[in-house]
Amino acid sequence: MEYRQFGKLDWKGSVLGFGAMRLPVIDGQVSKVDEAATGQMVRYAVDHGVNYIDTAFPYHGGQSERCIGRILKDGYRERVRLATKMPSWLIESAGDFDRYLDKQLERLQTDRLDFYLLHALNRNFWPRLQKLGVLEWAERAMADGRFGRLGFSFHDDFSTFKEILDAYDDWALCQIQYNYMDIDFQAGTEGLRYAAGKGMAVVIMEPLRGGRLTKKLPPSVAEILAKSPQTRSMAEWALQWVWDHSEVSVVLSGMSSLEHVVENVACAERSFVNSLSEDEQRLILQVREAYREVAPIPCTNCQYCQPCPNGVAIPQIFDLYNEALMYSDLWAPRFVYQGNNSLKAEQRGDQCIECGLCEDLCPQEIGIQEWLKKAHELLGSN
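Going by numbering that gives the first Met the number 0, the residue at position 319 of the sequence shown is 318; the numbering climbs one at a time, nothing skipped.
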C-alpha cells in the first residue's frame, strides 16, 4: 500500500480509503447491510494497508455506522483513522450538534472519532451552521476528546468552497468530488489546488463517478482505449488519474464486493504521483472529450437562459439528460429529476410554458423547448 502525507498532520494516510456508502445489501434493501460480506471486505482492506475509513449518519439508512462499529472490534479500530459526518441538513438548533455526535459515537461503538466532517456543505447549510456556532462547538468537542480534527465534505461551486475554507484556519481536511470528467465541477481542480495550498488534506469522493466510469463504454471511448499499449480496467484508469495528482491525500472508493476491494487494493499498490505518462494523460483527455461528444444536447451551462420566467432549471435538466445517455445510467439522473435531491417539481421540464425567451438568448441555438419535452419524457418516468 502507498501512503501520503495527510495535510499538516503528523500522519500518512493510505492512498485508498474505504468508503462505507455502497456496502453490499440483502434482498436489494439499502438499509439491510450484508454484515458478513462487509466484514470480509473491511478486514481485507485493513489487513492490506488501508488505514482510513469513512462513513456518515445517513448511509444505508443509518446502518452503515452501526455495521462499521461492529466490524472494527477485535483490534481493527486501533489500526485505522475513522471519519464520519454530521448531517448538516438535520441541524435545527445548537443542541443538535451534541445530540448527533453522541448518537454517532454510540453507533460506532467508540468514545472518539479521528475526524468529524460537516456533511455536504453548500451555500445553504454553511451559513446556518455558522450562525448556530458550529466552529465554536467543534473546538469544545475536540477539547473534550470526542473527536480529533474537524473537516467537511462539499457540494457546491468553487466560490462557496473558497469561502468555507477561508472561514476557519484549523480545518484538517476537506472531501470533494473529483474524477477525470469533473475537473470543472463543484470545487474541481481549482478547489483541489487551493485546499492543498492551504495545507489541508484533500480526500476524494466519487473517483469513478458513482461507478459510471466503469460501465458500458460508448464505442468512441472504447476505440480510444483500445489504442493504448497499457491494459487497465476502466476503474484503474480512473483511479490512477486521480492518484496522479500530488494534491490528493486519500481516494475513497465505495466498494460493494470483495472483488472490488481486491482490485482497488492492487491498483493502490501501483499508484504514485506522476505515474501516468504524457501519452496516457492525452488518452484520458481524448476519453473525456469523447464522452462529452456523446452528449446529445450541446449545452455549455453558460446560463444565458437563466432565470427562466417560469423557473425551469434548464441547464441542470440538460446536464441530467446528457448524463443519462453518456453513461447509460438512468437511475441516478431520474432520482435527482424526480425531486429526490436538489431539483424541485416546479423546476422540471413539464413546467415550460413555451414562451421562447430561452431560445432567443441561447448562443448555441439549442431547440430548448423540444429538448425539455424529451428530457421530461425520459427522466420523469420510472
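Even for Gly, the Cβ is constructed at its ideal location relative to N, Cα and C.
Between M141 and L149, is the Cβ-Cβ spacing less than 8 Å?
Taking the first residue of the sequence shown as position 1, residue 141 is located at position 142. Taking the first residue of the sequence shown as position 1, residue 149 is located at position 150. The answer is yes: Cβ separation under 8 Å.
Are V14 and V250 close, meaning C-beta to C-beta below 8 Å?
By 1-based counting over the sequence shown, the position of residue 14 is 15. By 1-based counting over the sequence shown, the position of residue 250 is 251. Yes. Within cutoff.
Tell me, please, whether the stretch 301 to 315 touches the stretch 279 to 291 by the rule of three or more beta-carbon pairs shorter than 8 Å.
no
Counting pairs of Cβ atoms below 8 Å between the stretch 266 to 278 and the stretch 165 to 173, do you hit three or more?
no
Just to confirm, are R80 and G253 a CB contact at a threshold of 8 Å?
Mapped onto the sequence shown, residue 80 falls at position 81. Mapped onto the sequence shown, residue 253 falls at position 254. No, they are not a contact pair.
Tell me the start and end of each unbroken beta strand (DSSP E) in the stretch 211 to 293 that is at least 3 residues and wholly inside, in chain order.
249 to 252
With contact counted as at least three CB pairs below 8 Å, one residue from each stretch, are the stretch 2 to 11 and the stretch 203 to 221 in contact?
no
G196 versus E369 - alpha carbon distance:
Taking the first residue of the sequence shown as 1, we reach residue 196 at position 197. Taking the first residue of the sequence shown as 1, we reach residue 369 at position 370. Computed Cα separation, rounded: 45 Å.
Quick check: what's the CA-CA separation for I67 versus A137?
For this step, residue 67 is matched to residue 68 along the sequence shown. For this step, residue 137 is matched to residue 138 along the sequence shown. The alpha-carbon atoms of I67 and A137 are separated by roughly 23 Å.
Quick one, which of C357, G366, A331 and H375 has its alpha-carbon nearest A344's?
As a working mapping, residue 344 is identified with position 345 in the sequence shown. The residue with the shortest Cα to Cα distance from A344 is H375.
In the DSSP assignment, find the unbroken beta strand (DSSP E) run with G366 in it and report its ends.
Reading the sequence shown from its first residue, position 367 is the one you call residue 366. Per DSSP, G366 belongs to no beta strand (DSSP E) and is neither H nor E.
Are the beta-carbon atoms of R65 and T109 separated by less than 8 Å?
For this step, residue 65 is matched to residue 66 along the sequence shown. For this step, residue 109 is matched to residue 110 along the sequence shown. No, the Cβ-Cβ distance between R65 and T109 is not below 8 Å.
Over what stretch of residues does the alpha helix (DSSP H) that includes C66 continue unbroken?
By 1-based counting over the sequence shown, the position of residue 66 is 67. That run of the alpha helix (DSSP H) goes Q62 to I70.
Straight-line gap, G61 to L120 (C-alpha atoms, nearest Å):
As a working note, residue 61 is residue 62 in the sequence shown. As a working note, residue 120 is residue 121 in the sequence shown. For G61 and L120, the distance between alpha carbons rounds to 19 Å.
Evaluate K84 with the Cβ neighbour count: other Cβ atoms within 10 Å of its Cβ, from every protein chain shown; 16 or more gives buried, anything less gives exposed.
Translated into positions along the sequence shown, residue 84 becomes position 85. So K84 ends up on the buried side.
Can you tell me whether S63 is buried or exposed? The criterion is at least 16 other CB atoms within 10 Å of its CB, across all chains shown.
Along the sequence shown, one-based indexing puts residue 63 at 64. The residue in question, S63, is buried, as its Cβ has 16 or more Cβ neighbours within 10 Å.
In this structure, what does DSSP give as the bridge partners for Q176?
Taking the sequence shown and counting its residues from 1, the one referred to as residue 176 is at position 177. Paired residues: M204.
Which whole-angstrom value describes the C-beta separation of L191 and E246, a residue pair presumed to lie in contact below a C-beta threshold of 8 Å?
Your numbering for residue 191 matches position 192 in the sequence shown. Your numbering for residue 246 matches position 247 in the sequence shown. Right, the Cβ-Cβ distance comes to about 5 Å (below 8 Å), so this counts as a contact.
8 Å Cβ shell around V32 - same chain, five flanking residues per side excluded
Residue numbering aside, residue 32 sits at position 33 when the sequence shown is read from its first letter. Within the same chain, V32 has close Cβ partners L22, P23, V24, I25, H59, Q62, S63 and C66.
Taking the alpha carbon of D46 as the reference point, which residue from E364, D73 and Q28 has its own alpha carbon closest?
Translated into positions along the sequence shown, residue 46 becomes position 47. With distances taken between Cα atoms, D46 lies closest to D73.
Between S227, K226, N263 and L128, which lies nearest to W242 when the distance is taken from Cα to Cα?
Here residue 242 is taken as the residue at index 243 of the sequence shown, counted from 1. Of the listed residues, the one whose Cα sits closest to W242 is N263.
Could you tell me the distance, in whole angstroms, from the CA atom of M233 to the CA atom of A323?
Taking the first residue of the sequence shown as position 1, residue 233 is located at position 234. Taking the first residue of the sequence shown as position 1, residue 323 is located at position 324. When rounded, the distance between both Cα atoms is 18 Å.
With A237 and Y177 assumed to form a contact (beta carbons below 8 Å), what rounded beta-carbon distance in angstroms separates them?
Translated into positions along the sequence shown, residue 237 becomes position 238. Translated into positions along the sequence shown, residue 177 becomes position 178. Actually they are not in contact, since the Cβ atoms of A237 and Y177 sit about 10 Å apart, beyond 8 Å.
Is it buried or exposed, A35, if we count other Cβ atoms within 10 angstroms and call 16 or more buried?
On the sequence shown, residue 35 is found 36 positions in, with the first residue counted as 1. With fewer than 16 Cβ atoms within 10 Å of its Cβ, A35 is classed as exposed.
Just to confirm my understanding: we take P86, look at its own chain, exclude 5 residues before and 5 after, and list those with CB closer than 7 Å. What are they?
Indexing the sequence shown from 1 puts residue 86 at position 87. F56, P57, Y99 and H118.
With DSSP as the reference, please indicate the residues paired to S429 in a beta bridge.
Outside the displayed span of the chain (0 to 381) sits residue 429, for which this structure offers no information.
Please classify I182 as buried or exposed, where buried requires at least 16 neighbouring CB atoms within 10 angstroms.
Looking up residue 182 in the sequence shown gives position 183. By the neighbour-count rule (16 or more Cβ atoms within 10 Å), I182 is not buried but exposed.
What does the Cβ neighbour count give for A221, buried or exposed, with the cut at 16 atoms within 10 Å?
The residue given as residue 221 occupies position 222 in the sequence shown. Exposed.
Can you find the residues in the same chain that come closer than 7 Å, C-beta to C-beta, to F160, ignoring five residues on each side of it along the sequence?
On the sequence shown, position 161 is the one that residue 160 refers to. Excluding sequence neighbours, F160 sits near F153, A186 and G190.
What separation, rounded to the nearest whole angstrom, lies between the Cα atoms of N300 and L107?
Translated into the one-based positions of the sequence shown, residue 300 becomes position 301. Translated into the one-based positions of the sequence shown, residue 107 becomes position 108. About 42 Å.
Compute the Euclidean distance between the alpha carbons of G338 and P228, then round it to the nearest angstrom.
In the sequence shown, counting from the first residue as 1, residue 338 sits at position 339. In the sequence shown, counting from the first residue as 1, residue 228 sits at position 229. Taking the straight line joining both Cα atoms gives about 44 Å.
I'd like the list of long-range same chain contacts for I296, defined as Cβ closer than 7 Å, with 5 residues on each side in sequence excluded.
In the sequence shown, residue 296 corresponds to position 297, counting from 1. Contacts found: F317, Y320, N321, I365 and W370.
DSSP three-state label for F114, please.
Along the sequence shown, read from residue 1 onward, the residue named residue 114 stands at position 115. Of the three classes helix, strand and coil, the one that applies to F114 here is strand, per DSSP.
Taking the C-alpha atoms as reference points, what is the distance between D95 and I163?
Locating residue 95 in the sequence shown gives position 96, where the first residue counts as 1. Locating residue 163 in the sequence shown gives position 164, where the first residue counts as 1. If I take the Cα positions, the gap works out to 21 Å.
For K215, which residues of its own chain have a beta-carbon under 6 Å away from its beta-carbon, when the five flanking residues on both sides are left out?
Here residue 215 corresponds to residue number 216 of the sequence shown, with the count starting at 1. Closer than 6 Å at the Cβ level, and outside the excluded window around K215, lie S327.
Beta-carbon contacts of C266 that lie in its chain and below 6 Å, excluding the five residues immediately before and after:
As a first step, residue 266 is located in the sequence shown; it is residue number 267 there, counting from the start. These residues qualify, in order along the chain: E235 and L238.
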